[in-house]
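Residue numbers (the numbering used here), protein chains in the order written: chain A, 6 to 103; chain B, 10 to 647; chain C, 20 to 489; chain D, -10 to 499; chain E, 918 to 1086.
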Amino acid sequence: MILNYLSLSVILFCLGILGVISRRNVFTVFMAIELMLNAANLAFVTLARLHESMDGHVLALMVMAVAAAEAALALAVVILLHKHKGKLDTNVFSLLKG
Amino acid sequence: MEQTATYLVYIPLLPLIGALVVGILHLATCRTNRLPEKLYGILGCIGPVLSFILALRVFFTLKGLAAEERVLTQELFTWFSVGELDVSMGFLADPLSSLMLIFVTLIGSLIHIYSIGYMAEDRNFGKFFAYMNLFLGSMLILVLGAGPVVMFVGWEGVGLCSYLLISYYSEDRDNVIAGNKAFIVNRIGDLGFVLGMSFLFWGIGADGFDFLSLKANAHNLTPALGITVCLLLFVGATGKSAQIPLYVWLPDAMAGPTPVSALIHAATMVTAGVYMVARFSFIYAHAPVAGAVVAWTGILTALLAAVFAMYQRDIKKILAYSTVSQLGYMFAGVGVAAYSAGIFHVFTHAFFKALLFLGAGSVIYALHHQQDIWKMGGLKEKMPITYKTMLIGALALAGCPPFSGFFSKDEILYSALATGHYGIWLVGVGVAAMTAYYTFRMIFVVFHGQPRDREAFNHAHEPSKVMTIPLIILAVGALFAGFLNLPGIFGGDLEVSHWLAPSLVEHHPHTSWFVELLAIIISIGAFALGFRAAYRKFGAGADEPSYTGFKQFGYRKFYVDEIYHYLIVAPYQLTGKAISYFIEPYITDGPVKLTSWLYKMAGAAFKLVQVGYVRVYAIYMVIGLSIMSLLLAQSLNL
Amino acid sequence: MHDLLVILPLIIVGSGAIGLMLLASFQSLSRESTSILTMGIFGFAFFVQFAAPNSPDIMPFHDIFNGMMVVNTFTKVAGLIILGCGFFSTMIAQTYFTQENEFVMEFYSLMLFAVCGMLLLTLSSELITIFISIEIMSLAVYTLVGYDRKSVVRSEAVLKYLMLGAFAGAFFVMGTVFIYAGAKSTTFSTIAGVIADSGFLGSPTMVVGAFLILVALFFKVAAFPFHAWVVDVYDGAPMPITGFMATAVKTAVFAVLVNFLVMNSELRDSWITFLFYISVITMLAGNLIALGQDNLKRMLAASGIVHTGYLLIAVAAVNAKEFTGGAVLYYLAAYAVSTLGLFAALTYLGGKEEQRVSFDDFRGLARVRPYSAAAISIFLLSMAGIPPTAGFMGKFYVITSAIEADLIFLAVFGIFSSILSMWYYLRLIIVMYFREPEDQFEITEMTFAPIGTIILAFSVFAMSFFPVVL
Amino acid sequence: MPDIILSIMIFVPISTGLLLLLVPAGKEAARGVGLVVSVIVVLLSLKLFFSFSGAAATFEFAQKIPLIDSLGISYSLGVDGISLLVLMAAATLFPMVYLLFKSREKGYYSNLLIVQGAMIGAVCASDMVLFYIFWEVMLLPIFFMIGFYGGPNRLAATLKITIYTIAGSLLMLASIAYIGVAYHAQTGQWSFDMANLAQMSLSGSTATLAFIGFMIAFAIKIPLFPFHTWLPDAYTEAPTGATFVLSAIMAKIGIYAVIRFVVPVFAEGMTNYGLLLAYAGVIGMIYCGVTALAQKDFKRMLAFSSASHMGVIAIGIFCMNVQALTGTLYQVVAHATSTGVLFLLLGIIEERMETRNIEDLGGVAYKAPVFALFFAVAMLASVGLPGTSGFIGEFLIILGAVKFNVTIAVLTGTTLIVGVCYMLWMFQRVFFEKNNQKTETFQDLTLIETLTILPIIILIIFMGIFPQPFIQKITPAAEHHTARHQAASGSSVHLADNRVLQISDKQEKD
Amino acid sequence: MTSTLLFFGFGLLSVLGALGLILFRHPMNGAMSFVVTLISLAGLYALLSAKLIFAIQLIVYAGAIMSLILFIIMFLNIQESDLPVESGRWFYLAGGTAVIAPIAILLLKVVKTLPGGDTVIVGGEFGGVKGVGVLLFREWLLPFEIVSILLLVALVGAVVLAGKREVKR
């Protein structure tokens, strides 16, 4: 039963990866990353349940905090980019290459 | 046993000092004010004359000693000593070298004197004398060297001087090329010499690498190694003494001034090979196989050169080939272990060949450097002294009794016969006839009959005293030198041979007086035959023949030079070009170039991978990740 | 008290960062004084760190932090390197801003924050703490990269860095999850204990967890195939930050990498093959990328990838013998010195708005500014590993440790890759020396970067002869 | 007793050179300084030479300062019979360059100073790492000299030589590290000092790898076939000073390094691959010699000739008997002097006639007899004419080669022929034949130039006639070296009869 | 039994939400479906008797963070034209899935190796505010402290990057 939770988290994690590599919309990409972190959180909580120790919960809390911080910065960047190009397409920003 | 003589070193040193002084004077003054030629002449002649005197002293000192003790040595300093190898810079005078000394210095001095006249008004008078002195010094080192290595110094030194003097008129490319040829061919021989020395050292040289100790240890030499050494050394001899297959340089060497040809390419240097073989008689005596090789090479060279000599039209070329041919005799002699006979021929040959060359020189000088015999003729009224002296020389060369050449040559042929080398003897007799033929062909065409070039003939005249006196002295030598070594049948008892005995390892064959007599009669017959043929054809003065058929073939020396050129020289040069224009850039350096090219290409390719799309970078990451996780899954065998 | 002393530098930097932030918000300080203040803070922290005694593992405030923080000589030296990088980066930044570039007051406080995160990174011995420290460092650096809102390339750089960084961070978290699943804890000591008891390869969860964590760290140090971002980001970042990223970040992350691997010998040994291949491919790829570049920043970024490869050799060769642990640090220090020196020189020569960045822009520099050219050549030679520079010594230690750890072929590959790297290092020297100058390389006014260049140029030699790190 | 004379000889030139770079100085001033310093070095080296006993095969004038204890790296210098002559070559030949070539740029002279110091250091270093440091440092000035003052496509040339050589030496670095580790494994402590390293002898596959690493590095420097391809370009493009340094001294340091570092440690490698390497030397000698004949560019031709002779010199190492080894060590100096003079004189030709094309020259001997004489002497020395320094070495090498392997010996001997072919060919075209309008105006050496080159010419002849003073200083070391090698590799120490029999068997087959 | 049903329900919802996030073209729709995922995750936390996390998930995540994101999306008022034309999206999705498959399989297999266990709600302090809080302040003080620094940095960063104010030169 526990394993199903973990499998679910793995699936969500992989869906997150899929979102990152298959989408060009900045928002979607960031939310996909959030999804990956959430998957990790699910796993933490599940393992806490499995190990009967609450460390997992603390870890999940920490991850949430980090996720929040990242989200804040990410959104700032999104605004920045939108100011520049008025677009949310990651492929628009490819001046640096070669 | 041996005694030390502190003056030996001066014999080679004096000419060398002379060379130094004259050379520096010349260098210092050649571009500004030239010094008077007399000065150079005197300075140049001092050295040789003094060394001649010293040579006499050596001779008499030796004579004063008992036969076995006739060895004078002088060790100057340790030249170099590495491990077992210990080479000392030392000199050795024994009967053999003393004999060489005497005629080398004597003829050397005479030719120096002669050159004062011959080289007059030459732009580089001083240089010439410097070179000549240098040559004489090296030659004396060669003769006096106490060990193979010291000998090699002189050996190469004379080679160098020969190169310098052949290409003396260096404005003309052909002369320089002739000089290069001489040097390079000699170098091929020197390779043999060096290797021979090395084998000799590892064979027996470990304790003492000079002739005396080598001679003492000669018995330790394994037979195979002995043959190896002998053959290698003989390669050196063929180079220096112009034997098959390395004789080709000598005729071209005639490009040098005539005194040079007389001194270096007739009397002294070219006989160094024979001297060297005699020096190493203590090895050759134990290696009869090698001896046979030497003898056959020599006699065949004699034959070939005689054939060439019969068809040459350049007077100096004729003499050059006759030299080669006579050298062949000498090698036949030493080859059949008759070392004294060979050396004696060297001795006599030095006189008459030098004489002939100097005579030819004065003819050429008189005719303003005309060398083609078919442009000469009837000169005997114009230049009587030259004619007479040259006639003597010719008779000696042709082996007409009682001239010197007869005795020495006959001694060689007799030894060949006596030691049972009948083939060699037979060929030798044939060559003797041919010798007589081409010698008198030259004499008759040049001096008898009608002048073919009137205009030149009128200007011709006898040269000055300074040139004629040496001729006369040499003529005397050519006339009487033979009597020094009269065989028993003529009432003598081979004085020279006995004189040389201590320094050689040979035993004189004893045969019945009948064989000896037969040999003499036959060789006289050969001379008569050749002389008669020559007289019939050219005696009354013949016109220039048309060089066709075999004549042409012989005149072009059987195209040997061309063959060498196309078989060796041209391929060599071609290889050089091929390497430098194809192999070096494309094959040897190819991998290097290719590597760097590939590297640059790969770099350019990687530029394309950096597309700049962030998602693509993420995809790279994930791809890498998935590959790794595949491997991980495998290694965890899940 | 002693516990306080060892984490004092961390406290100094952190409080300094906060202080500067406040000052900035009140805009009460001039640009110059801010930079000098920052340098002062770094210098002070540096000396405090330096004064701290060398020691085996000690856990400051064990009862409070219950062993999530470990201090030893290794972390001390790593911290020294990081602080030094911070110091010189500040110097460079000061010059950079005198060249009419955009400036924001928080710049320096963010640098201090980043360094704070790095110090934490070197000290922490607990996975989630490490994650948070990484994020502190990264967020600060993201901001530093993109602080200049007027410029598109900066924003693009920060986009790429942030996106991929967060992506990799997610992997780190997932790795933590698996380690936690396997070991019931995330502190190194416990994990090491569990591995010692039940073995490492025995529990796949641990292996996968360690694998994901390594991947995340490899991303931070730009190992192949996680290197792609580094070229663009370094190119887009402002010059001082590029130098800062190339040196300080790399040092911190490698410190963590080593700390993580030396946790348990079995753990380390089971990854040697992995490290082997990664480092070989990384060196190769780095060289190939660097060869094609015309822009110096990009070239240096790519060469940074190559140096990551070398460092991975050293990491693979890390073993019980203490001196190879030093090989990593010494190499990091040598690399930091030459890289920072190079960036310092490029900064003050680059002119306003970084107008000179490509190889050709530096044509004939030696004729106009011989000393700068000489300094640049020294740094390049040090990077290429030509004696008598620090880079050579570093390379020598790395090679020696690799051979000692019986990784002969890894050593040979390292040699080959440094042969390959000669091309692009020499290329710059040739351009500087053997081409005719067209530019006058005017320099604004007397600033810190030249001084920094000189100091670093000398320390390149000093380090090679007095390798204090070892 | 720490003796600092070597340190002075190393660091006075280097520091002076660096100082010259830093301070603004005129061309003439720079040249003067360089001249003074090089003369000082010459005097010091002479003092060293005459106070060198060489009786025992040990390091003299030794000096040792530990640098990095954790690795046992130390700053340790010393001279023994093996390094003595190379050191003399590196120390004494330089003044000529300053005297002959005026009004070059400042950097030219300072680079010369630096490279001289570095080369002396490389020769004196008895610690492998220290040696490596100097070994690399001595390349950089060459890199700059070619790049700054070289010919038309100097950039390609300098890049090629630099990368080529550094590639080699980096491989050597790995080998050095391996040796250190091996020593650590055997004895438990770190050291890179030859005094210690020479005590052990490595074997096994990894040791072979290390051996190959060393040999590639030195084969590139010497250069041995087929690693010579950088040489023609570099020599041709380089300014005369750099060519002189490269050909006269740097190549010799490669030879020296093989003897000093490879032979003692890799006895097994030498026994297994000595023959192969000797063949490489032979092939290189013939290959380059034949190529030299086809060159139109005078300098290129001399470059190939130099490479060809280096092949011969290298053979002497691999024969591994005292004669050959001494011959090599002697030939190192002989060739340094002769080829150095040749390149310098060529530099004068290049300077005065703006051409190196052999076809454009001719009849120089008539216009400049002194020049021609000097050139001839150097040329004859380089073709190994007895009475010049060149003969002793070549003879000893061939002699030793005969003991080592007859085929090698015979092929080595061909250098006598190969050498004269191209040399005489060149001499004919350049010095003989007719003048043309280029050579009409050729000026002979001035008094200064004459006096500059004369000592070397005299030395060449002196070394041909009185070699023993030099040889007796090097033979003890050479004997010690070979004896130890043969002991290590278990081959026969003294000339045994079977050797001779072997030769005779060989002959019977023929 | 009910818990199993609930798990599958929430699990299904969360997966669907995630798919929606990936597949919707407009970020707004994506965000909405992501909220679904987050809420269903909260449900799962509850099932795992992680009370505190359940609450925080709802308040902080689904509440604060998502509303922030949505606010920004609104604020930028994105038109259809601003959105990237992701023509090859399906291709990328397919390819991406193929690439990710190995990773997913590996992780799933590894998960399978863990010991299983049931998820009956454990009452008492487990997962409660007190339990977690005590743990947080006793053992996890260091991360907790530095998280504050992290948030500070994020704050400054956001201000520097997106803040509207006069840039002093």
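Just so it is clear, CB atoms sit at the ideal spot from N, CA and C, and this is done for glycine as well. Being a predicted model, the structure only gives us computed values, none of them experimental.
How about the stretch 290 to 308 of chain B and the stretch 316 to 327 of chain B: do they share at least three Cβ pairs that are nearer than 8 Å?
no
Answer yes or no: do W88(B) and P13(D) have a C-beta to C-beta separation smaller than 8 Å?
no
Could you work out which residue in T92(C), I30(C), T205(C) is closest to C135(C) when comparing CA atoms only?
Measuring from the Cα of C135(C), the nearest candidate turns out to be I30(C).
Exposure label - E94(D); buried when at least 16 CB within 10 Å:
exposed
Using a beta-carbon distance cut-off of less than 8 Å, what residues from the stretch 156 to 171 of chain C approach chain A?
Across the stretch 156 to 171 of chain C, CB contacts with chain A closer than 8 Å involve L158, Y161, T162, G165, R168, V171, in sequence order along the chain.
Bridge-paired residues (DSSP) for M98(B)
DSSP output for M98(B) lists F86(B) as bridge partner(s).
Below 8 Å, how does it come out for the stretch 110 to 127 of chain B and the stretch 260 to 276 of chain B: are there three or more Cβ pairs, yes or no?
Output reads yes: the stretch 260 to 276 of chain B touches the stretch 110 to 127 of chain B.
Y127(C): buried (16+ other C-beta within 10 angstroms of its C-beta) or exposed?
buried
Contacts that D251(C) makes with chain B (C-beta to C-beta distance below 7 Å):
G621
Interface flag, S27(A) vs chain E, CB-CB below 8 Å:
True, the Cβ-Cβ gap to chain E drops below 8 Å.
Output the distance between the C-alpha atoms of A102(B) and L153(B), rounded to the nearest integer angstrom.
Cα to Cα, A102(B) sits roughly 6 Å from L153(B).
Does the beta-carbon of D182(D) have 16 or more other beta-carbons within 10 angstroms, so that it is buried, or is it exposed?
buried
Going along chain D in order, which residues have a C-beta closer than 7 Å to the C-beta of T87(B)?
Q457
Selected residue, minimal CA-CA separation from M385(B), among T444(B), G337(B), Q459(B):
Q459(B)
Spell out whether any CB of chain A is found under 8 Å from the CB atom of F342(C).
Residue confidence is low: F342(C) scores 46 on pLDDT, short of 50, so the model does not pin down where it sits. No coordinate-derived value is stated.
Listed by chain order, chain C residues near T1030(E) by CB distance under 8 Å:
S222, P223, T224
Closest to S473(B) by C-alpha separation, out of F360(B), W383(B), E420(B), T395(B), would be which residue?
T395(B)
Could you list which residues in chain B have their beta carbon closer than 8 Å to that of V1016(E), in chain order?
Residues of chain B with a Cβ closer than 8 Å to the Cβ of V1016(E) are, in chain order, I628, V631, I632, S635.
When you compare the CB of V203(B) with every CB in chain D, is at least one pair closer than 8 Å?
yes
Could you tell me whether any Cβ in chain A is nearer than 8 Å to the Cβ of V6(C)?
Lying outside 20 to 489, the shown extent of chain C, residue 6(C) is not represented and no answer is given.
Taking 8 Å as the threshold (beta carbon to beta carbon), is A642(B) in contact with chain E?
yes
Would A163(D) count as contacting chain C if we go by Cβ distances under 8 Å?
The beta carbon of A163(D) falls within 8 Å of a beta carbon belonging to chain C, placing the residue at that interface.
Hey, out of G35(C), G218(C), F273(C), N91(C), whose CA is closest to V25(C)'s CA?
The shortest Cα separation from V25(C) among G35(C), G218(C), F273(C), N91(C) belongs to N91(C).
Would you give the residue range spanned by the beta strand (DSSP E) that K53(D) belongs to?
49 to 57
Express the C-alpha separation of G156(B) and F218(B) in angstroms, rounding to a whole number.
The straight-line gap from Cα to Cα measures roughly 6 Å.
CB contact below 8 Å: L603(B) versus chain C
For L603(B), no Cβ of chain C is located within less than 8 Å of the residue's own Cβ.
So which residues of chain C does L333(D) contact, with C-beta pairs closer than 8 Å?
Near L333(D) there are no residues of chain C at all, since even the closest Cβ is about 25 Å away, more than 8 Å.
Run down chain A in chain order and give the residues with a C-beta less than 8 Å from the C-beta of K616(B).
G103
Based on Cα-Cα distance, which residue from G169(D), I168(D), Y98(D), Y262(D) lies nearest to I135(D)?
Y98(D)
Can you round the beta-carbon distance between S413(B) and L488(B) to whole angstroms, since I take them to be within the 8 Å contact cut?
7 Å
Taking M501(D) as the reference, which of A398(D), L333(D), D349(D) has the closest Cα?
Nothing can be reported for residue 501(D), as the shown portion of chain D is limited to -10 through 499.
Expressed to the nearest angstrom, what Euclidean distance is found between the alpha-carbon atoms of L100(A) and I332(C)?
Going from the Cα of L100(A) to the Cα of I332(C) covers about 34 Å.
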